[in-house]
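There are 2 protein chains.
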Amino acid sequence: MNILKNLLWPEIEELIEKKRWEMLKSVISEWEAPDIADLLTDTPDDRDKIIIFRILPKDLASDVFSEIDFEDQMIILQKMSDQQVKEVLLDLEPDDRTTLFEELPGKILQKYLNMLPKDERREALGLLGYPDNSVGRLMTPNYLAVRPDWTVKDALAHIKQIGPDRETINVIYVTDSNWHFLDALMIKKFILADPKTVVRDIMDNAFVTLSPSDKQEEAVKLMEHYNLTSIPVVDSENILVGIVTFDDVMDVAEEEATVDFHKTAGISPFEQSYLDIGVFPLFSRRVVWLFCLVFVNTISGMIISHFEQTISLCVSLVFFMPLLSSSAGNTGLQASTLVIRSMATENTNFKNSILIILKDLCVAIMIGLVMGVAVLLLGLLRGNIYVGISATVAMILVVIISSFLGTILPMILRLLKFDPAVASAPLITSCCDIINVAIYFSVAKWVLESFSR
Amino acid sequence: MNILKNLLWPEIEELIEKKRWEMLKSVISEWEAPDIADLLTDTPDDRDKIIIFRILPKDLASDVFSEIDFEDQMIILQKMSDQQVKEVLLDLEPDDRTTLFEELPGKILQKYLNMLPKDERREALGLLGYPDNSVGRLMTPNYLAVRPDWTVKDALAHIKQIGPDRETINVIYVTDSNWHFLDALMIKKFILADPKTVVRDIMDNAFVTLSPSDKQEEAVKLMEHYNLTSIPVVDSENILVGIVTFDDVMDVAEEEATVDFHKTAGISPFEQSYLDIGVFPLFSRRVVWLFCLVFVNTISGMIISHFEQTISLCVSLVFFMPLLSSSAGNTGLQASTLVIRSMATENTNFKNSILIILKDLCVAIMIGLVMGVAVLLLGLLRGNIYVGISATVAMILVVIISSFLGTILPMILRLLKFDPAVASAPLITSCCDIINVAIYFSVAKWVLESFSR
Numbered sequence: 001m002n003i004l005k006n007l008l009w010p011e012i013e014e015l016i017e018k019k020r021w022e023m024l025k026s027v028i029s030e031w032e033a034p035d036i037a038d039l040l041t042d043t044p045d046d047r048d049k050i051i052i053f054r055i056l057p058k059d060l061a062s063d064v065f066s067e068i069d070f071e072d073q074m075i076i077l078q079k080m081s082d083q084q085v086k087e088v089l090l091d092l093e094p095d096d097r098t099t100l101f102e103e104l105p106g107k108i109l110q111k112y113l114n115m116l117p118k119d120e121r122r123e124a125l126g127l128l129g130y131p132d133n134s135v136g137r138l139m140t141p142n143y144l145a146v147r148p149d150w151t152v153k154d155a156l157a158h159i160k161q162i163g164p165d166r167e168t169i170n171v172i173y174v175t176d177s178n179w180h181f182l183d184a185l186m187i188k189k190f191i192l193a194d195p196k197t198v199v200r201d202i203m204d205n206a207f208v209t210l211s212p213s214d215k216q217e218e219a220v221k222l223m224e225h226y227n228l229t230s231i232p233v234v235d236s237e238n239i240l241v242g243i244v245t246f247d248d249v250m251d252v253a254e255e256e257a258t259v260d261f262h263k264t265a266g267i268s269p270f271e272q273s274y275l276d277i278g279v280f281p282l283f284s285r286r287v288v289w290l291f292c293l294v295f296v297n298t299i300s301g302m303i304i305s306h307f308e309q310t311i312s313l314c315v316s317l318v319f320f321m322p323l324l325s326s327s328a329g330n331t332g333l334q335a336s337t338l339v340i341r342s343m344a345t346e347n348t349n350f351k352n353s354i355l356i357i358l359k360d361l362c363v364a365i366m367i368g369l370v371m372g373v374a375v376l377l378l379g380l381l382r383g384n385i386y387v388g389i390s391a392t393v394a395m396i397l398v399v400i401i402s403s404f405l406g407t408i409l410p411m412i413l414r415l416l417k418f419d420p421a422v423a424s425a426p427l428i429t430s431c432c433d434i435i436n437v438a439i440y441f442s443v444a445k446w447v448l449e450s451f452s453r
Numbered sequence: 454m455n456i457l458k459n460l461l462w463p464e465i466e467e468l469i470e471k472k473r474w475e476m477l478k479s480v481i482s483e484w485e486a487p488d489i490a491d492l493l494t495d496t497p498d499d500r501d502k503i504i505i506f507r508i509l510p511k512d513l514a515s516d517v518f519s520e521i522d523f524e525d526q527m528i529i530l531q532k533m534s535d536q537q538v539k540e541v542l543l544d545l546e547p548d549d550r551t552t553l554f555e556e557l558p559g560k561i562l563q564k565y566l567n568m569l570p571k572d573e574r575r576e577a578l579g580l581l582g583y584p585d586n587s588v589g590r591l592m593t594p595n596y597l598a599v600r601p602d603w604t605v606k607d608a609l610a611h612i613k614q615i616g617p618d619r620e621t622i623n624v625i626y627v628t629d630s631n632w633h634f635l636d637a638l639m640i641k642k643f644i645l646a647d648p649k650t651v652v653r654d655i656m657d658n659a660f661v662t663l664s665p666s667d668k669q670e671e672a673v674k675l676m677e678h679y680n681l682t683s684i685p686v687v688d689s690e691n692i693l694v695g696i697v698t699f700d701d702v703m704d705v706a707e708e709e710a711t712v713d714f715h716k717t718a719g720i721s722p723f724e725q726s727y728l729d730i731g732v733f734p735l736f737s738r739r740v741v742w743l744f745c746l747v748f749v750n751t752i753s754g755m756i757i758s759h760f761e762q763t764i765s766l767c768v769s770l771v772f773f774m775p776l777l778s779s780s781a782g783n784t785g786l787q788a789s790t791l792v793i794r795s796m797a798t799e800n801t802n803f804k805n806s807i808l809i810i811l812k813d814l815c816v817a818i819m820i821g822l823v824m825g826v827a828v829l830l831l832g833l834l835r836g837n838i839y840v841g842i843s844a845t846v847a848m849i850l851v852v853i854i855s856s857f858l859g860t861i862l863p864m865i866l867r868l869l870k871f872d873p874a875v876a877s878a879p880l881i882t883s884c885c886d887i888i889n890v891a892i893y894f895s896v897a898k899w900v901l902e903s904f905s906r
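Chains as they are written, first to last, in the numbering used here: chain P, 1 to 453; chain D, 454 to 906.
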């Protein structure tokens, strides 16, 4: 499918340019919804977007609509008649509808809610009632449930009857007549079982559940850990209120990864895409850490001031400052990145942590020696032996200490129940730089005072 | 399930400590395989690990075995009789067997291969024949195929017969009698169809395929894009040689994310976990970037040397170096992280890129002004108005230029067909520092020469 798409791409653009909609329709009706969504996103002209959306067959249209960005969704909805909007809203899965609704401004949300029949409106309001980033906002009530006292044959007949309306039938849920959750069974079990067996007899009580107020991250974790494609959501009275499915959770996982990358660079989390976020929200999320670090970096500055006399004596000391400062920051950052990622993906316990600290120490000593030699050669080339020696000794010490700091800082943060990712690149590099200037100028002062005169 | 586990944890540890294996067996037989795998990983004593593995029911044992690390797999295998090893190997799914085999030293691999019956041995050798990190190494030949001329009833009877041996039956594959791939159909289609329908009539030709030589990253991309739980793998003659499933692809996605985080910190990719990698391989992966950057940072040093006279005139200029250098590096890093992540997850085209550059410019000007004010206040506090003014002007310029550099560098790298992630934190911060020292000391020289005398 994707190969086909790549081959046809320039031709598709030509079809759009020349407004040959009938031809385009016959080509893209064969495509998968995510590919058509990409086409819509990439189409620059808003009017073209709307025409492309309108030529889609009805069942494909709602799948495509749920795959495109909120901005494109609004472009399309705003150009439609109320009747057409109503049809789109009704065709959306309840979870995709929540995703659209939670972004809408209040006035439009109210208008759209009023377009829905009573049951759907109540359902939509219920889902919107759960907190931001909660499982409730992600779930769909469109699951398929059977009763424990039915035979497998009855269950399959029921599945056959209402299956076409359901988002997934890979997992069938067992509930009592009051919708209390009893078990989650793979469809495989029903197909492989003797039709006369009672559902109760194929139940295995092997399930994981979520609560609608759980954070969406929890759904990601459970799905990855247990290799699940859907998870039942039960309320405090054990009533099965919905299910979260693989596709929605994958999207959350991707957003989470983006937040983690941003955190690493000292950017506060934001929910929109980089393309969509406004200038001011972006400014505020970037400036916070930068501004806070002014104070941390001032400490380095103050340490340097303390050594102004030493620097006056030998201004060429400053030559090595960028190299030492960058090496300190980078080794610290490498160490912290390794530890933070290891904490996020592996089982790290106390014993492991000690091993990691020792391993990092060995590696840091080796790196320190290599970098020390590089600095010594540079120092000899520059011709000032005392500065060269000072920088070499400082480099070795600074690399080892920075790496150690990068390793233990995330560990300490976790012990204190903070997110280890608070130890972002900007914070780590600034802290390492304090160590760097303190060590470099102390060593230099001692070397210059002891030997150079 | 996971809640149960948390509650029982101290009690489980007590059972292991007191060697009450019968009791432990009855408790953990109710668990899911991933939880038992965690228990095995967390059990410090090797003998305890082996006993826990041996008390597992046979069908659970192979699932648990495939979930634990290679190191723990070897601990268990080495303490087993050949007959027991053979049983474990035979119970493993072919893809999990490949994962084990690809880590084994040659001698042990040969021994284990000889334990397998002829067919399984040939299959294992075939899978190991695909390149490292290829889809071939990830796939299982255990799929479920039906023929297009069968009725749905025949197909369901076939599924019922051989389904219990197959890894998944959520997707059923249609092939001709020579195993040429024709279509991939959700099991839903078979259940919902009239039993008398011919399979050909429910085929939809909506599928994505992989080649066994494709990179595993490709499987991750397709699965995320099309929301699939399994993908058929066909060879150059369109023969269906296997399928890759969701659980294995999720593991690849996690490894990939780790590699991306490491790249960000200037660490070359490695395959083992941080806990398992040796000191020397780790050293070599960390030192490369650090060493290369010695030369980049030397440029900064040389620029500073050029201004030694200016610095001698006013040593307190050095006070602002850490702050300016860190702010330059951090704004550059923020910008590059935003762009790299946006490229990885969004559809960025030429028009978007221009918008991003303009947006970044606005944000950078705002950040520059805020940081400039902070520096000006610091300068006034320090009492040297000329240094303060120089640092303020430099800060504003440096922040704007660094942010711009961080934004366009990944874009240029991508245009030149390099991985944008080459623009790692260490590289970006070092480049920004060159700009920083050049601007700061040029401004300072001009200010000091023009006004201070």
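No residue lacks a Cβ here, since even glycine has one placed at the ideal position from N, Cα and C.
Quiz item: Can you tell which of D/737, D/548 and D/708 has its C-alpha closest to the C-alpha of residue 665 of chain D?
Solution: Of all alpha-carbon atoms in D/737, D/548 and D/708, the one lying nearest the alpha-carbon of residue 665 of chain D is that of D/548.
Practice problem: Measure the CB-CB distance between residue 477 of chain D and residue 489 of chain D and report whether it falls below 8 Å. | Solution: Note that the C-beta distance between residue 477 of chain D and residue 489 of chain D is not below 8 Å.
Self-check item: Cross-chain neighbours of residue 886 of chain D in chain P, by beta carbon under 9 Å
Solution: Neighbours of residue 886 of chain D in chain P, taken as residues at a C-beta separation under 9 Å, are given in chain order as 322, 325 and 326.
Quiz item: Closest Cβ-Cβ distance between residue 188 of chain P and chain D: below 8 Å?
Solution: Taking 8 Å as the threshold, the shortest C-beta distance from residue 188 of chain P to chain D falls below it.
Quiz prompt | Check whether residue 293 of chain P and residue 426 of chain P have beta carbons under 8 Å apart | solution = In this structure, residue 293 of chain P places its C-beta atom within 8 Å of the C-beta atom of residue 426 of chain P.
Exercise. Would you kindly work out how many angstroms separate the C-alpha atoms of residue 209 of chain P and residue 47 of chain P, rounded to a whole number?
Key: For residue 209 of chain P and residue 47 of chain P, the distance between alpha carbons rounds to 45 Å.
Practice problem: May I ask which residues mark the beginning and end of the beta strand (DSSP E) holding residue 236 of chain P? | Solution: DSSP places residue 236 of chain P outside any beta strand (DSSP E), giving it a letter other than H or E.
Exercise. Note down, in chain order, all residues in the stretch 21 to 47 of chain P with a beta-carbon under 9 Å from any beta-carbon belonging to chain D.
Key: Listed by position along the chain: 30, 31, 32, 33, 34, 35, 38, 41, 42 and 44.
Exercise. Pick helix, strand or coil for residue 813 of chain D, following the three-state DSSP scheme.
Key: It is helical.
Quiz item: the stretch 363 to 374 of chain P: which residues have C-beta closer than 8 Å to a C-beta of chain D, in chain order?
Solution: For the stretch 363 to 374 of chain P, the residues whose beta carbon sits under 8 Å from a beta carbon of chain D are, in order, 363, 366, 367, 370, 371 and 374.
Exercise. Grab me the residues of residue 772 of chain D's own chain with a C-beta within less than 8 Å of its C-beta, minus the 5 sequence neighbours each way, in chain order.
Key: Result list for residue 772 of chain D: 835 and 840, in chain order.
Practice problem: Answer yes or no: does any C-beta atom of chain D fall closer than 8 Å to that of residue 426 of chain P? | Solution: Using a Cβ-Cβ cut-off of 8 Å, residue 426 of chain P counts as an interface residue toward chain D, since at least one Cβ of chain D sits closer than that to its own.
Exercise. Give the straight-line distance between the Cα atoms of residue 1 of chain P and residue 300 of chain P, rounded to the nearest whole angstrom.
Key: Low local confidence applies: a pLDDT of 39 at residue 1 of chain P is under 50, so the model's placement there is unreliable, and no value is given.
Quiz prompt | Contacting residues, own chain, Cβ-Cβ under 6 Å from residue 722 of chain D (five flanking each side not counted) | solution = Taken in chain order, the residues that qualify are 712.
Self-check item: Every unbroken beta strand (DSSP E) within the stretch 185 to 272 of chain P, with a cutoff of 3 residues, ordered by chain
Solution: Unbroken beta strand (DSSP E) stretches of 3 residues or longer found wholly inside the stretch 185 to 272 of chain P: 230 to 234 and 240 to 245, given in chain order.
Quiz item: Between which two residues does the beta strand (DSSP E) carrying residue 628 of chain D extend?
Solution: Run containing residue 628 of chain D: 624 to 628, per the beta strand (DSSP E) assignment.
Self-check item: Under 7 Å (Cβ pairs) to chain D, residues found in the stretch 157 to 180 of chain P
Solution: Hits within the stretch, in order: 159, 160, 163, 164, 169 and 170.
Quiz item: Closest Cβ-Cβ distance between residue 331 of chain P and chain D: below 8 Å?
Solution: Yes, residue 331 of chain P lies at the interface with chain D (some Cβ there is under 8 Å from its Cβ).
Practice problem: Would you please verify whether the beta carbon of residue 710 of chain D is less than 8 Å from any beta carbon of chain P? | Solution: It does; some Cβ of chain P falls within 8 Å.
Quiz item: For the stretch 353 to 363 of chain P against the stretch 416 to 431 of chain P, are there 3 or more C-beta pairs whose distance is under 8 Å?
Solution: Not touching, per the Cβ criterion.
Quiz prompt | Opposing strand residues paired with residue 145 of chain P [DSSP bridges] | solution = According to DSSP, residue 145 of chain P bridges with P/173.
Exercise. Taking residue 249 of chain P as the query, report the chain D residues whose CB atoms sit under 8 Å from its CB, ordered along the chain.
Key: Under the 8 Å cutoff, chain D gives no residues; its nearest Cβ is about 10 Å from residue 249 of chain P.
Quiz item: Rounded to the nearest angstrom, how far is the Cβ of residue 441 of chain P from that of residue 310 of chain P, given a contact under 8 Å?
Solution: Contact between residue 441 of chain P and residue 310 of chain P holds, since their C-beta atoms are separated by about 6 Å, short of 8 Å.
Practice problem: Would you tell me roughly how many angstroms separate the C-alpha atoms of residue 520 of chain D and residue 818 of chain D, rounded to the nearest one? | Solution: Roughly 51 Å between the two C-alpha positions.
Self-check item: Exposure label - residue 456 of chain D; buried when at least 16 CB within 10 Å
Solution: Below a pLDDT of 50, predicted positions are generally treated as unreliable, and residue 456 of chain D, at 43, falls in that range; the measurement from the model is reported next regardless. Counting other Cβ atoms within 10 Å of its Cβ, residue 456 of chain D stays below 16 and is therefore classed as exposed.
Quiz item: Is the beta carbon of residue 116 of chain P less than 8 Å from the beta carbon of residue 89 of chain P?
Solution: Taking 8 Å as the cut-off, the beta carbon of residue 116 of chain P is found closer than this to the beta carbon of residue 89 of chain P.
Quiz item: Going along chain D, which residues have a C-beta under 9 Å from residue 356 of chain P?
Solution: 727 and 728, listed in chain order.
Self-check item: Backbone secondary structure at residue 295 of chain P - three-state DSSP
Solution: Of the three classes helix, strand and coil, the one that applies to residue 295 of chain P here is helix, per DSSP.
Quiz item: With a cut-off of 8 Å, does the C-beta of residue 1 of chain P fall near any C-beta of chain D?
Solution: Residue confidence is low: residue 1 of chain P scores 39 on pLDDT, short of 50, so the model does not pin down where it sits. Its coordinate-derived value is still stated next. Chain D, which has a Cβ nearer than 8 Å to the Cβ of residue 1 of chain P, makes this yes.
Quiz item: Listing by chain order, which chain P residues have their CB less than 9 Å from the CB of residue 867 of chain D?
Solution: Near residue 867 of chain D there are no residues of chain P at all, since even the closest Cβ is about 15 Å away, more than 9 Å.
Quiz item: Roughly how many angstroms separate the alpha carbons of residue 806 of chain D and residue 284 of chain P, rounded to a whole number?
Solution: For residue 806 of chain D and residue 284 of chain P, the gap between their C-alpha atoms comes out near 22 Å.
Quiz prompt | Cβ-based neighbour list, residue 133 of chain P, same chain, cut-off 7 Å, excluding 5 preceding and 5 following | solution = Cβ within range, chain order: 215 and 216.
Exercise. Tell me whether the beta-carbon of residue 779 of chain D lies closer than 8 Å to the beta-carbon of residue 336 of chain P.
Key: Going by C-beta atoms, residue 779 of chain D is not nearer than 8 Å to residue 336 of chain P.
Quiz item: In or out: residue 865 of chain D buried (at least 16 other Cβ within 10 Å) or exposed?
Solution: Residue 865 of chain D is exposed by the Cβ-count criterion.
Quiz item: Of all the CB atoms in chain P, is at least one closer than 8 Å to the CB of residue 715 of chain D?
Solution: Using beta-carbon distances, residue 715 of chain D counts as an interface residue toward chain P, with a partner under 8 Å.
Exercise. Determine contact between the stretch 178 to 194 of chain P and the stretch 640 to 658 of chain D, defined as no fewer than three beta-carbon pairs at a distance below 8 Å.
Key: Verdict: yes, contact present.
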